[in-house]
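The block underneath contains the structure these notes are about, expressed in structure tokens.
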Amino acid sequence: MDVLFLSRLQFALTAAFHFLFVPMTLGVVVPVAVMQTFWYKTGDEKWLRLTRFFGRLFLINFAIGVVTGISLEFQFGMNWARYSRYVGDVFGVPLALEAAMAFFLESTFLGLWIFGWERISRKAHLAAIWLVALGSNLSALWILFANAFMQRPVGYQLANGRVELVDFPAFMANAYGWVKFFHTVFSAYVVGAFFVMGVSAYHILKKKDPEIFRKSFKLASYFGAASALLVFVFGDFHAKDISRFQPAKFAAMESVWETQKAAAYPLILVPDEKNETNKLEALKIPYLLSVLATYDPRGEIKGLKSFPAEDRPPVLLTFASFRTMVGLGFLFIGLTLLSVYLSYKDEVEKYPLFLKIMLCAVPLPYLAMQLGWIVAEVGRQPWAVYGLLRTGESFSKNLKLSQVMFSIAGYGIIYAALGVTGFYLIFKYARKGLEHY
Amino acid sequence: MEILQITWFVLWSLLWIMYFALDGFDLGCGIVMNFIARDENEKRSIINSIGPFWDGNEVWLITAGGATFAAFPAAYADMFSWLYVPLFLVLAGLIFRGVSFELRGKTENKRVWDIFIFAGSLAPAFLLGAVFGNLWASLPVGPAGYSGGLTGLLNVNGFLTALVFVSFFVMHGLIWIALKTEGEMDQRAYGYSVKSWHAAFFFFALFLLLLPFRQNPNFSPAGTAPALMAAFYALAAASFLLIRKKLKAGKLPAAFGSSLAFLIFFFAASFSGSYPNIIPSSLSPEFNVSVFNSSSGLYTLKIMTAVALLFVPLVIGYQVWVYRALNHKINPRKPETLHY
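Here it is in structure tokens:
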């Protein structure tokens, strides 16, 4: 154990934990805002009760998301001082923009939304929740553009021993950033949709206000199906960007060892990292891998062996995370389309087994998002900034092992307590139903 | 280039000033809550009084952090890694406090949350005081940076500044409670706010008296910054006296306004006193981390200036609007009006 290892572990843990709450913030605020809009338009009290019910669950989740976000922004300087010094000129800009444009909007108008129910006009109150939704989506935009610079640096020059921003429009035109933004945000919408569907399914099964929860189930099924399809579309773009700009990551995602043209896609594959090969490749679909990577059935895919061993990311973890995520993505499309069909026919209640499946499926989109980030960040290794700065050269040199042990133990205890409390409260209020709303 | 670096010292200071002046009162509320409130409804009223605002106030801290990263990356890297343990404790405090405000009302056992709110408000106020007390004077920064850790900050100057922060925020918070609540507790908070003014007076006076003795190798009697510092301290002192006058006259909104002005001027004075350094070294000026040796390039500073000029006024504008939209008083004697 050394400072580098513990700093990496701490960042991974704190970022992953934070990202248990971010997707729901992004993904539940939209249906909540839509519910409130329906109430505003129709005056139907059912929508108001749903808004308040899901709004409360959203707030519990939001509280933990907010407090665990601050430590990430500080951690760059605390644990990754050499990284911060090297990229601050570029990387600091989206972070500052995120705070100035997004965090203020989100926090200020959420405060107004919570406490403004009877204080401000209905129109202004409705605007408040939409501004919260706008704020959280803008926040995702900026932080993902910051991340995109780590994955594919653009708009900079090397000067004074660091990267310096020279072209902000080029920085913003980073295709990697846009594709990643849409892929991530639509994934978060899937999380939100499955949450709303799962909770609604629970109450329909318990026959508690089923006629109201049918509405939220239906709303979320449309939202979820559209999002799940868009996740797939942008995921495909994303893979093609990765194969172009991060070929070693792409090779690890698909466990491709030898450079090849017209590559087939093995549905079943077992990597053998030690011997730089695959133990098993079966059920090959011809040309598919080349199409996925390049649009061209004869396109070339670089194998891991064409990169020096010290420039390759860990293969097994990247590959397994990616495969599982993709599989889950298809599952989400299937489940949401089925939900849409049953909602459209108004027959959801006739299929209790399906409702049970939808209830049990709530954690799966969370899992998919965590796996997606493992692909993105483990697959980025050994680089902190792709091709420019290695992770091993990024950590704070002045830190003592005892300091990082202290902070990682502190985060461990605090976050464990937060996680238990947060999810306990979400369960508690999700089960209670609409009686108090 | 130099003019932008100086501009960014001003903007950087401004973001910290906004943070302290705004989060100051809700940190103060968190520190005094358990001592002022006599029952659950009164505690709830204090939490409700800052409920819509504390998070928006805290974003000024995040923005100050983000702006340090963007405008002065080297200073950001040094400051945050050298002050590792104190900053971790600040974060831990803010985490505990933030979740307590939001989750306390949804659980049975309030006692634990009450302790978190107290400790989570006191720790950031005290520790940021110790940090900035030393940054406004100097730190023993050598060729390998600063390695004194938390204990290195708790010298006379750091300790005194920590108490200055805590006493100011407590006074600020008490005036807020007196202003924003009604039904008996406001009277109690009012009584304590006058008392806390005297405590703040003591620490403020001590701070000013010890100013010439603080180890600040960069404070030279030449240049405009020292004159600015003196002018801001004078304005701070005047605002401080005004707080008492307005309190005595029972004009609470004016008292709170004076308290805001006091904090703004006090922090403006302190930051201008340390210009152009962000982390001054007591060992040798060559180890100073200043706006001139830690800033981003010209292009980034230009973009950041545009961002600040556009968004800081916009944010202040809508935050003021929200404060005004929710300017009602909270009454612990009417529990049905309280939010959980």
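Sequences listed follow chains A and B, in order.
If you read the first sequence in our numbering, its first letter stands for residue 1, the second for the next number, and so on.
If you read the second sequence in our numbering, its first letter stands for residue 1001, the second for the next number, and so on.
We put the CB at the ideal spot given by N, CA and C, even for glycine.
Quick caveat, the model's predicted, so the values are computed rather than measured.
| query | result |
| --- | --- |
| Chain-ordered chain B contacts of E98(A) [CB-CB under 8 Å] | G1066 |
| Short CB-CB distance (under 8 Å) between A63(A) and chain B | yes |
| Exposure label - E1336(B); buried when at least 16 CB within 10 Å | exposed |
| Contacts that A81(A) makes with chain B (C-beta to C-beta distance below 8 Å) | A1077, D1078, F1080, S1081 |
| Rounded C-alpha distance that separates L1128(B) from L1135(B) | 10 Å |
| Short CB-CB distance (under 8 Å) between S139(A) and chain D | The question asks about chain D, but that chain is absent: this structure's protein chains are A and B. |
| Test: N71(A) CB closer than 8 Å to a CB of chain B | Looking at the sequence shown, residue 71(A) is not Asn but Ser. Output row for S71(A): interface = yes. |
| Where the alpha helix (DSSP H) through Y1299(B) begins and ends | 1298-1325 |
| Those runs of the alpha helix (DSSP H) which lie wholly inside the segment 1164-1223 of chain B and span at least 4 residues | 1185-1210 |
| Inter-stretch contact (C-beta, 8 Å, three-pair minimum) for the segment 20-38 of chain A and the segment 187-194 of chain A | yes |
| Status (buried if at least 16 other CB within 10 Å, exposed otherwise) for P313(A) | buried |
| Bridge-paired residues (DSSP) for K261(A) | E300(A) |
| Between the CA atoms of W1054(B) and D1039(B) - distance to the nearest angstrom | 22 Å |
| Chain A within 8 Å of S1147(B), Cβ atoms only | yes |
| W383(A) (DSSP reduced to helix, strand or coil) | strand |
| Below-8 Å beta-carbon distance, F135(A) vs any chain B residue | Contrary to the premise, residue 135(A) reads as Gly rather than Phe in this sequence. Judged by the 8 Å Cβ criterion, G135(A) is not in contact with chain B. |
| Environment of P247(A) [buried if 16+ CB atoms lie within 10 Å] | buried |
| Under 8 Å (Cβ pairs) to chain A, residues found in the segment 1102-1125 of chain B | E1102, L1103, K1106, T1107 |
| Neighbour-count burial assignment, W117(A), 16 or more Cβ in a 10 Å radius | exposed |
| Length of the line joining the Cα atoms of G224(A) and G192(A) | 8 Å |
| Interface partners of P1052(B) on chain A, CB under 8 Å | G111, L112, I114, F115, G116 |
| V93(A) and R214(A) closer than 8 Å at C-beta | no |
| Y411(A) vs Q10(A) beta-carbon contact at 8 Å | yes |
| M1001(B) classed as buried or exposed, judged by whether at least 16 other C-beta atoms fall within 10 angstroms | exposed |
| Check whether I1316(B) and S1045(B) have beta carbons under 8 Å apart | no |
| Span of the beta strand (DSSP E) around T277(A) | 277-285 |
| CA nearest to the CA of V179(A), picked from F171(A), A148(A), K206(A), V154(A) | A148(A) |
| Among A251(A), G334(A), T277(A), E106(A), the one whose alpha carbon lies nearest that of G379(A) | A251(A) |
| 8 Å Cβ cutoff, F5(A) in contact with chain B | no |
| Those runs of the alpha helix (DSSP H) which lie wholly inside the segment 180-250 of chain A and span at least 4 residues | 210-245 |
| Local Cβ density within 10 Å of G1065(B), reported as buried at 16 or more and exposed below that | buried |
| Chain-ordered chain B contacts of R244(A) [CB-CB under 8 Å] | Those do not exist, as R244(A) stays about 27 Å from chain B at its closest Cβ, beyond 8 Å. |
| Three-pair Cβ contact test at 8 Å for the segment 169-183 of chain A versus the segment 221-239 of chain A | yes |
| Proximal chain A residues relative to A1070(B), where beta-carbon distance stays under 7 Å | G88, G92, V93, L95, A96 |
| Whole-number beta carbon distance between I1278(B) and A1021(B), since they are thought to touch under 8 Å | Between I1278(B) and A1021(B) the Cβ distance is about 20 Å, and since that is not below 8 Å, they are no contact. |
| Delimiting residues of the alpha helix (DSSP H) encompassing I1115(B) | 1110-1136 |
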